[in-house]
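Numbering (the numbering used here), first residue to last: 10 to 171. Beta carbons: idealized from backbone N, C-alpha and C, even for Gly. Read through the structure below, which is laid out as structure tokens, and then see the notes.
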Ligand code: S3P
């Protein structure tokens, strides 16, 4: 199991799909599973149930996926902020895709489907999450100014030397 974490816009889904293809593993995006299980888009889950309910659902979904067959698994950018989700990641190979704040915003800043971006204090959220990502990362790979294909090569090289 390889788990990808990082802030919104780090490229977890794009890189995850390419990495899974390279490794011959299935790819799963926890946000997609959450939306399927809830029968609603994430924006509506946040609006109707609130963030704590979303984090609980996210935790349950991730626990189920980690107990399932081997895969490349991309987690939502806030998954690592839940202590129980962090503790699930202890024994897992976790790749932290690191992105600078400006680059993250240039990639996803205008996306209205991401409720956390519509809140005030996004720079502070970004800052406080960096230590959380690092605390569960097996590997950290920088993504600024790099194409998804190059990032996949960096991940594969880091996995090899690990
Ligand atoms: C979130 C990130 C999103 C999604 C939800 C909350 C966050 O995933 O899980 O909107 O708190 O950072 P991406 O990182 O794939 O955008």
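Would the beta-carbon of residue i fall within 8 Å of that of residue j?
| i | j | result |
| --- | --- | --- |
| residue 88 | residue 66 | no |
| residue 153 | residue 104 | no |
| residue 84 | residue 39 | yes |
| residue 26 | residue 36 | yes |
| residue 1 | residue 132 | This structure does not reach residue 1, given that the chain is present from 10 up to 171, and the question cannot be answered. |
| residue 31 | residue 161 | yes |
| residue 10 | residue 106 | no |
| residue 70 | residue 43 | yes |
| residue 142 | residue 14 | yes |
Given that a residue counts as buried once 16 or more other Cβ atoms are within 10 Å of its Cβ, and exposed if not, what is residue i?
| i | result |
| --- | --- |
| residue 29 | buried |
| residue 150 | buried |
| residue 62 | exposed |
| residue 146 | buried |
| residue 86 | buried |
DSSP on residue i, reduced to helix/strand/coil?
| i | result |
| --- | --- |
| residue 108 | coil |
| residue 23 | helix |
| residue 36 | strand |
| residue 82 | strand |
| residue 151 | strand |
| residue 13 | strand |
| residue 101 | coil |
| residue 158 | helix |
| residue 64 | helix |
| residue 53 | helix |
| residue 129 | coil |
| residue 59 | coil |
| residue 115 | helix |
| residue 138 | helix |
| residue 146 | coil |
Residue i to residue j, Cα distance in whole Å?
| i | j | result |
| --- | --- | --- |
| residue 170 | residue 58 | 43 Å |
| residue 93 | residue 127 | 26 Å |
| residue 78 | residue 165 | 20 Å |
| residue 20 | residue 157 | 7 Å |
| residue 148 | residue 140 | 14 Å |
| residue 116 | residue 18 | 6 Å |
| residue 130 | residue 68 | 24 Å |
| residue 122 | residue 167 | 32 Å |
Rounded to the nearest angstrom, how far is the Cβ of residue i from that of residue j, given a contact under 8 Å?
| i | j | result |
| --- | --- | --- |
| residue 34 | residue 72 | The Cβ separation is near 19 Å, so there is no contact. |
| residue 24 | residue 101 | Rounded, the Cβ-Cβ distance is 17 Å, inconsistent with contact. |
| residue 76 | residue 16 | Wrong, their Cβ atoms sit about 26 Å apart, outside the cutoff. |
| residue 138 | residue 90 | 6 Å |
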